[in-house]
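Below: one structure, written as structure tokens.
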Amino acid sequence: MKRADPFPATPRILPIFLPYLGCRQRCIFCNEKIATGLSTAEISEETVQKTMVLYFAHFKPDDRPVQIAFYGGTFTGMAEEKQLRLLQMVRPFLRNGQVDGIRISTRPDEIDENRLDLLRSHGVKTVEIGAQSLVEEVLHRSRRGHTVEDVFSAVERLRRKGFEVGLHLMAGLPGDTPQSFVSTIERTIALQPDTVRLHPTLVFRDTVLESLYAEGRYSPLSLSEAVQLSRYALLRLEKAGIPVIRIGLQTTPEMEAPGNVVAGPFHPAFRSLVDAAIFREMASALLSAISPEGRTVTFLISPRDLSDFRGQKNENLDFLTERFRPEAIRLDGRPDYPRGWLTLQNGGRTVSMHRTGLHPVLS
Ligand code: SF4
């Protein structure tokens, strides 16, 4: 059964990290050395140039557009000449067609008409804004140094200039509660960004957050709370037509080194935990609609979703077998079956759903 994928493939992003470059101050949770695996001292234009040449020497093109991304700092907070030099390095790859566009990440209060014109005229198509929260109190306690209004104005300016807009959000910042997180998600939906990235807050070594944690003034989310909040956000945003292109930070060797992540819901495959929770719910909803007891049931699924369906150490299969008592659960991974869908076949009956069919509530 061929079904439409409501969220077509995103571009292939080749990231170049510029830790802290352009940042006016340090946010209390941020340790870019651990998050990116690089220190500012390692970043020079020469290394950026070499990184790009290496990418294109080794990467295999597919049918997705390719974007070079400058992440890890505040791109538009850098001196204009520095921004220009970095953007001009991508020009040969734009000209020969290897790169379709550039994306950058920046703060919402470092965006104005002039800076956007400069980006636009040098091939930048997408601007990702570090919003982190859309609740004033949470921004204040995280010492972000910008307001919710700054995020709204930045998104409006970007839209007017024709950029694609990405929003970065965090769950579990100081002062954040399930209710304020829900407000952040609702305000995000009102803003209608093109994409969202979502990270549960981790306590990194050498941050103000580490001191607050040590003094008992900050409690991080547990892993299961972080999964629940992320599951809620993913379902709610996708239902509103907003793709969530990343959940959880990309794991670096520094993050896995002892002592670098002091506390918080760190898991090297965090997104898989969220997707597994969602597949468990989908399979439960479909199985509840039939009488699977004592029968062999078959799920049709994309091969790329199979391991998320099974869950860590087959947890989901064990849970479903225990709860619904089928004789056996068969998984039929079909290459042409789109991601995010699940079809249950049981005798003559077939029922299907996409994950956006689930009810996005916080339990
Ligand atoms: S603006 Fe971004 S990169 Fe800079 S310190 Fe804050 S979180 Fe880190």
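According to full-length UniProt numbering, numbering within the sequence shown proceeds without interruption in unit steps and concludes at 363.
All C-beta atoms, glycine included, are put in the ideal place defined by N, C-alpha and C.
Only a predicted model underlies this, so the values are computations on that prediction, with no experimental measurement involved.
As assigned by DSSP and simplified to three states, the class of Thr-177: Here residue 177 is taken as the residue at index 177 of the sequence shown, counted from 1. Here Thr-177 sits in coil by DSSP.
Candidates Arg-325, Ser-288, Gln-312, Ser-307: closest to Gly-352 by CA position: Looking up residue 352 in the sequence shown gives position 352. What sits at residue 352 in the sequence shown is Ser, not Gly. Distances from the alpha-carbon of Ser-352 to those of Arg-325, Ser-288, Gln-312, Ser-307 put Ser-288 closest.
Contact set for Glu-157: own chain, Cβ-Cβ below 8 Å, skip 5 residues either direction: Within the sequence shown, residue 157 is the residue found at index 157, counting from 1. It is worth fixing the name first, because residue 157 is Arg in this sequence and not Glu. Here the set comprises Ile-111, Asp-112, Glu-113, Leu-116.
Proximity test, residue 374 beta-carbon vs the ligand SF4 heavy atom, cut-off 6 Å: Given a span of 1 to 363 for the chain in the structure shown, any question on residue 374 remains unanswerable.
Status (buried if at least 16 other CB within 10 Å, exposed otherwise) for Asn-316: Start at 1 with the first residue of the sequence shown, and residue 316 comes out as number 316. Under this definition Asn-316 is a buried residue.
Residue of Val-48, Glu-238, Pro-265 minimising C-alpha distance to Arg-192: For the purposes of this step, residue 192 is taken as the residue at position 192 of the sequence shown. According to the sequence provided, residue 192 is Gln. The question's Arg does not apply to it. The residue with the shortest Cα to Cα distance from Gln-192 is Glu-238.
C-beta atoms of Val-138 and Asp-176 nearer than 7 Å: Here residue 138 corresponds to residue number 138 of the sequence shown, with the count starting at 1. Here residue 176 corresponds to residue number 176 of the sequence shown, with the count starting at 1. Val-138 places its beta carbon less than 7 Å from that of Asp-176.
The ligand SF4 heavy atom lying under 6 Å from the CB of Gly-73: What you label residue 73 is simply residue 73 of the sequence shown in a count that begins at 1. Within the cutoff, so yes.
Chain B within 7 Å of Gly-347, Cβ atoms only: Checking the listed chains, one finds no chain B in this structure; it contains a single protein chain.
Cα-Cα separation, Leu-202 to Met-255: As a first step, residue 202 is located in the sequence shown; it is residue number 202 there, counting from the start. As a first step, residue 255 is located in the sequence shown; it is residue number 255 there, counting from the start. Rounded to the nearest angstrom, the two C-alpha atoms are 10 Å apart.
Alpha-carbon spacing of Ser-291 relative to Ala-328, whole angstroms: Sequence index remark: in the sequence shown, residue 291 carries index 291 (1-based). Sequence index remark: in the sequence shown, residue 328 carries index 328 (1-based). When rounded, the distance between both Cα atoms is 13 Å.
Simplified DSSP state of Pro-108, which is helix, strand or coil: Position 108 of the sequence shown, counting from 1, holds the residue named residue 108. Reduced to three states, the DSSP call for Pro-108 is helix.
Status (buried if at least 16 other CB within 10 Å, exposed otherwise) for Leu-84: Stepping through the sequence shown from its first residue, residue 84 is reached at position 84. Leu-84 comes out exposed.
For Thr-76, three-class secondary structure by DSSP: If you number the sequence shown from 1, residue 76 lands on position 76. Helix, per DSSP.
Simplified DSSP state of Ile-245, which is helix, strand or coil: By one-based count along the sequence shown, residue 245 stands at place 245. The answer is strand: DSSP assigns Ile-245 an E or B state.
Inter-residue Cα distance where the pair is Arg-355 and Glu-46: Here residue 355 refers to the residue found at position 355 of the sequence shown. Here residue 46 refers to the residue found at position 46 of the sequence shown. Within the model, the alpha-carbon separation for Arg-355 versus Glu-46 is close to 45 Å.
DSSP beta-bridge partners of Tyr-71: The count along the sequence shown starts at 1 and reaches residue 71 at position 71. Note: Tyr-71 sits in a beta bridge opposite Phe-17.
Proximity test, Arg-107 beta-carbon vs the ligand SF4 heavy atom, cut-off 6 Å: In the sequence shown, counting from the first residue as 1, residue 107 sits at position 107. Yes, Cβ of Arg-107 sits closer than 6 Å to a heavy atom of the ligand SF4.
Arg-280 CB to nearest heavy atom of the ligand SF4 below 6 Å: On the sequence shown, residue 280 is found 280 positions in, with the first residue counted as 1. Checking every heavy atom of the ligand SF4 against the Cβ of Arg-280, none is found closer than 6 Å.
C-beta contact flag for Ile-278 and Arg-205 at 7 Å: Numbered from its first residue, the sequence shown carries residue 278 at position 278. Numbered from its first residue, the sequence shown carries residue 205 at position 205. Contact flag unset, no.
Sufficient close CB pairs (3 or more, under 8 Å) joining the region 165–180 to the region 219–226: The region 165–180 is in contact with the region 219–226.
Distance, Ser-133 Cα to Ala-263 Cα: What you label residue 263 is simply residue 263 of the sequence shown in a count that begins at 1. What you label residue 133 is simply residue 133 of the sequence shown in a count that begins at 1. So the alpha carbons of these two residues sit roughly 20 Å apart.
Whole-angstrom distance between Thr-296 and Gly-37, CA atom to CA atom: For the purposes of this step, residue 37 is taken as the residue at position 37 of the sequence shown. For the purposes of this step, residue 296 is taken as the residue at position 296 of the sequence shown. For Gly-37 and Thr-296, the distance between alpha carbons rounds to 48 Å.
Gly-72 to Thr-350 span [Cα, whole Å]: As a working mapping, residue 72 is identified with position 72 in the sequence shown. As a working mapping, residue 350 is identified with position 350 in the sequence shown. Those two C-alpha atoms are separated by around 46 Å.
Validate contact between the region 264–271 and the region 48–60 using beta carbons, cut 8 Å, 3 pairs: No, the region 264–271 is not in contact with the region 48–60.
Anticipated Cβ contact below 8 Å, Asp-275 with Asp-308, distance rounded: By 1-based counting over the sequence shown, the position of residue 275 is 275. By 1-based counting over the sequence shown, the position of residue 308 is 308. Yes, Asp-275 and Asp-308 are in contact; Cβ-Cβ is about 4 Å, under 8 Å.
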